[in-house]
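When we follow our numbering, the leftmost residue of the sequence shown carries the number 206, and every step to the right adds one.
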Amino acid sequence: MARTKNTTSVGLAEEIQLADDLQVNLNAMTTHRLQIMEQFGDGLPYDCNRIVHEAKFYMAQSAEAMLEAGKRLIILKENEPHGEFVDIVRDQLGLEPRIAQKMAQAALKFLSPGLEAKAKTFSLLGRSKLYELMLEDDEELSELAEGGTVAGLTLDDIDRMSVRELRKALRDTRNDLEISRQAVQEKKELVSNLIEEKSEIQHKLQRRIHHEKPEEESEALTLEVNSLAFAVDAAIINLFNGFTELNSHTMRTDISHIGFMTGLLDDIEIKFRDLRNQFNLPEYREHDVIPDWAKEGAEEQEKEFKRPDWMEKDEAHD
Numbered sequence: 206m207a208r209t210k211n212t213t214s215v216g217l218a219e220e221i222q223l224a225d226d227l228q229v230n231l232n233a234m235t236t237h238r239l240q241i242m243e244q245f246g247d248g249l250p251y252d253c254n255r256i257v258h259e260a261k262f263y264m265a266q267s268a269e270a271m272l273e274a275g276k277r278l279i280i281l282k283e284n285e286p287h288g289e290f291v292d293i294v295r296d297q298l299g300l301e302p303r304i305a306q307k308m309a310q311a312a313l314k315f316l317s318p319g320l321e322a323k324a325k326t327f328s329l330l331g332r333s334k335l336y337e338l339m340l341e342d343d344e345e346l347s348e349l350a351e352g353g354t355v356a357g358l359t360l361d362d363i364d365r366m367s368v369r370e371l372r373k374a375l376r377d378t379r380n381d382l383e384i385s386r387q388a389v390q391e392k393k394e395l396v397s398n399l400i401e402e403k404s405e406i407q408h409k410l411q412r413r414i415h416h417e418k419p420e421e422e423s424e425a426l427t428l429e430v431n432s433l434a435f436a437v438d439a440a441i442i443n444l445f446n447g448f449t450e451l452n453s454h455t456m457r458t459d460i461s462h463i464g465f466m467t468g469l470l471d472d473i474e475i476k477f478r479d480l481r482n483q484f485n486l487p488e489y490r491e492h493d494v495i496p497d498w499a500k501e502g503a504e505e506q507e508k509e510f511k512r513p514d515w516m517e518k519d520e521a522h523d
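Right, dumping it as C-alpha cells:
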C-alpha cells in the first residue's frame, strides 16, 4: 500500500521578542565578554580548545607564564558555564579549582593596567611569592617594583626570604595595621565619651551651683575629676602594654615602630601642655607622696600617741 504523501508544511517560527530586561542582561554579558577578550585574548577570537592548549603550555613555564595561564583561565571562566569550566580545569588542565582561582586572581592583580608593565619584575620572585603579594595594594606594589618597600621589605629582601618568612612578615604587618585602625577607632570613641562626660559634668555643676554649699560642691567635683584622672592612668597602662607588644614585634622581625610610637607620645604631650597652658598650671611642683588626708590623720594620731611605760623606764635608765 502506497504511503499517503505528507502535505503538511513546516514554517519558520515567528521571531520571539525577548523581554527588555533579558535583552539588556544579554547585551551586558556580551559586552563584558568582548571586554575580557579585548584585554586578555591577544586579538584572537574565542576558541575553547586553543585556550586550553595555551593554558597547558604556560603552566609548564615560569611564574611569568603562570600569569599567562591565569589570563586563559579568566577567559575560560568568562565564556564557559560554571560546571563545564570546573570540568575543564580538573580534567583537561589537571588543576584543582582553588588553584585555578588563585592563578586567575594573580593575573587580574599583576596584569592590571597599573602593574602590567612591572609584571616581569614580580614574576622573578616565583609563583608562591606572587600569591602572597596578591593582597597588597596596587600602589604599594608599584612602589615596590620601583625600589620602594612593602611591609618594610624591598624586592631584594623578598627575593632572599622563604615563602614562609614572607607570609609571616606580611601577616604581622597587616595585624599591626589592624591594631592601628582599632586604636584610632577607640580614640574616636574615647573622645566622644569624654565630650558626653564633659556635658554631664557641666550639667551637674550648674545644679550644684544652685543647690549645694561651696564645700560640698568642691568635694564632689574633685571626686569626679579624680575619677577621670584614674581613667587616663588606666589608658596609659594599656598604652604601655601596646608599646611592649610593638617592641617585641620589632625584636622578632626587625620592623621598626619607633615613628608610630613617637608620634603617639608627641600627640599626648601636646595635649598635656595645652591643659597646663589653658589653666595656667606650673610646669613642675614638688610632689609629696603622702596625700593630705593621710598627713592630717598622722598628725592627729601623733598628738594622741602615748608611749608605753617600759619606754619611759628605758629612757630614765639611760
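The C-beta atom is built at its ideal place from N, Cα and C for all residues, glycine as well.
(message) Run through the DSSP bridge pairs and tell me what V355 is partnered with.
(response) Here V355 is bridged, per DSSP, to L358.
(message) Using a 10 Å radius around the Cβ and a threshold of 16 neighbouring Cβ atoms, would you call E273 buried or exposed?
(response) Around the beta carbon of E273, a 10 Å sphere encloses 16 or more other beta carbons of the protein chains shown; the residue is thus reported as buried.
(message) Taking contact to mean 3 or more Cβ pairs, one atom from each stretch, closer than 8 angstroms, check whether the region 360 to 374 and the region 312 to 323 are in contact.
(response) With the cut-off at 8 angstroms, the region 360 to 374 and the region 312 to 323 do not touch.
(message) Going by DSSP, what residue range makes up the alpha helix (DSSP H) through V430?
(response) First-last of the alpha helix (DSSP H) with V430: P419 to T458.
(message) By the three-class DSSP mapping on this structure, what secondary structure does L349 have?
(response) For L349, the secondary structure class from DSSP, reduced to helix, strand or coil, is helix.
(request) Decide if E337 is buried, meaning its Cβ has at least 16 other Cβ atoms within 10 Å, or exposed. (result) Taking all protein chains shown into account, E337 has 16 or more neighbouring C-beta atoms within 10 Å of its C-beta and is therefore buried.
(request) With F327 as the anchor, note down where its alpha helix (DSSP H) starts and where it stops. (result) It spans A324 to S328 - the alpha helix (DSSP H) in which F327 sits, taken as one unbroken run.
(request) Using the Cα positions of A436 and L399, report the straight-line distance between them to the nearest angstrom. (result) When rounded, the separation of the alpha-carbon atoms in A436 and L399 is 11 angstroms.
(message) If contact is defined by three or more beta carbon pairs under 8 angstroms, each pair taking one atom from either stretch, is the region 276 to 292 in contact with the region 245 to 264?
(response) Counting Cβ pairs under 8 angstroms, three or more are found: they touch.
(message) With three or more C-beta pairs closer than 8 angstroms as the rule, is the region 366 to 386 touching the region 333 to 353?
(response) They touch, by the three-pair rule.
(message) Taking 7 angstroms as the limit between beta carbons, can you name the residues of its chain near D343, skipping five residues before and five after?
(response) So the list reads S317, G319 and L320, once near-sequence residues are dropped.
(request) Kindly indicate which residue of K282, N232 and G447 has the alpha-carbon position closest to the one of D252. (result) It is K282 whose Cα lies nearest to the Cα of D252.
(request) Using the Cα positions of K403 and T236, report the straight-line distance between them to the nearest angstrom. (result) Cα to Cα, K403 sits roughly 59 angstroms from T236.
(request) Identify which residue in E394, F262 and Q240 has its Cα closest to the Cα of N284. (result) Residue Q240 is the option with its Cα nearest to N284.
(message) Whole angstroms are fine: how far does the CA of F448 sit from the CA of T455?
(response) Roughly 10 angstroms between the two C-alpha positions.
(message) Here's a check: name, in chain order, each residue in its chain whose Cβ is nearer than 8 angstroms to the Cβ of E488, leaving out the five neighbours to either side.
(response) R481.
(message) E269 and S333 - do their beta-carbons sit closer together than 7 angstroms?
(response) No.
(request) Within 10 angstroms of the Cβ of F148, are there 16 or more other Cβ atoms? Answer buried if so, exposed if not. (result) Outside the shown range of the chain (206 to 523) lies residue 148, about which nothing can therefore be said.
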